[in-house]
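Undergrad: Please see the structure below; I have some questions.
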Amino acid sequence: MQKDWAWDDRYKAGKEALPWDTGVPASELVEYFGSLSCVPKRALEIGCGTGTDAIWMAQQGVVVKAIDISPTAIESAKGKTKAAGVKVDFSVSDIVEKMPVSEAGVDFVFDRGVYHVMAPEQRAIFINRVAAALDKGGYWLCLAGSADQNRDPESLGPPQLKASDLIDNIEPKFEVMWLQRASFILPDGKPHLAWKALFKKRAI
Ligand SMILES: C[S@@+](CC[C@H](N)C(=O)[O-])C[C@H]1O[C@@H](n2cnc3c(N)ncnc32)[C@H](O)[C@@H]1O
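For reference, each letter of the sequence shown is one residue, going 18 to 221 in the working numbering.
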């Protein structure tokens, strides 16, 4: 059975219920942009939460569309954008329900902790939408929890995916440019093992 994450309730409950919401741009995203000779032109962030990473990308000169299923998260993101003095096209949208941008509408997709919350039966839809949203040769930077860490299933932490959960599903549509160890630092201070992966849309 599909897990009920009650996303909007969590955003309404505030900080304590949002261990992923660090308020600072993801280091993996910052590092990736630092490795490029020029930043992407148009980006889509899926599951942007309160918008920290989308706003940071806009500050780098990227035209950003960012979606989240939670209206409360999007409201908060819009407020932060005003304060930051940049423009981001935020909207409430469910990636499983519909395409958030036109086909080949962006050259970069970012997801931090969103693919990993998809139920197994939703993963193919998510991957197909990312592939359809990307222009030829576009890139998807994906951050997901890793199963290579033993954890009490009852304890706080991100969903844990095996490398094969990522690769087997994604490879038919994407080349795997790299897949590396990373970590999510949650408010308990402990690093939670994660994957950072860069996928490139296949030419065919
Ligand atoms: C673990 S949180 C990560 C949020 C944000 N990326 C961050 O790093 O702060 C997962 C996010 O995905 C959003 N989400 C979950 N399912 C979604 C869906 N089907 N479509 C769009 N967003 C979704 C949730 O509302 C939540 O904001």
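We put the CB at the ideal spot given by N, CA and C, even for glycine.
1) Nearest to residue 88 by CA position, among 102, 185, 23, 137, is which residue?
2) Taking the DSSP output, what are the residues bridged to residue 183?
3) Which of the three DSSP states is assigned to residue 60 in this structure?
4) Answer yes or no: the CB of residue 3 versus the heavy atoms of ligand 1, is any distance below 7 angstroms?
5) Specify the secondary structure class of residue 142 as computed by DSSP and reduced to three states.
6) Within 10 angstroms of its Cβ, does residue 70 collect 16 or more other Cβ (buried), or is it exposed?
7) Ignoring anything shorter than 3 residues or poking outside the region 22-107, list the beta strand (DSSP E) runs there in chain order.
8) Using the DSSP secondary-structure output, state which residues sit across from residue 161 in a beta bridge.
9) For residue 148, which three-state DSSP category applies?
10) If residue 178 and residue 209 are in contact, beta carbons under 8 angstroms, what's the gap, nearest whole angstrom?
11) Just confirm the distance between the C-beta atoms of residue 101 and residue 76, as a whole number of angstroms; I'd bet it's less than 8 angstroms.
12) Apart from the five residues on each side of it in sequence, which residues of its chain come closer than 6 angstroms, Cβ to Cβ, to residue 90?
13) Helix, strand or coil for residue 118 per DSSP?
TA: On the basis of the supplied data:
1) Shortest Cα-Cα distance from residue 88 to any of 102, 185, 23, 137 involves 23.
2) Beta-bridge pairing links residue 183 to no other residue.
3) Strand.
4) This structure gives no information on residue 3, because the portion of the chain shown stretches from 18 to 221.
5) If DSSP states are grouped into helix, strand and coil, residue 142 belongs with the helices.
6) Flag for residue 70 reads buried.
7) Counting whole runs of 3 or more residues, the region 22-107 contains the beta strand (DSSP E) stretches 59-63, 80-85.
8) DSSP lists 212 as the beta-bridge partner residues of residue 161.
9) Helix at residue 148.
10) At roughly 12 angstroms, the Cβ-Cβ gap does not stay under 8 angstroms, so residue 178 and residue 209 are not in contact.
11) About 7 angstroms; that satisfies the 8 angstroms criterion.
12) By the criterion of a C-beta distance shorter than 6 angstroms, residue 90 is surrounded in its chain by 28, 66, 67, once the five residues flanking it on both sides are discounted.
13) Residue state, collapsed to three classes: coil.
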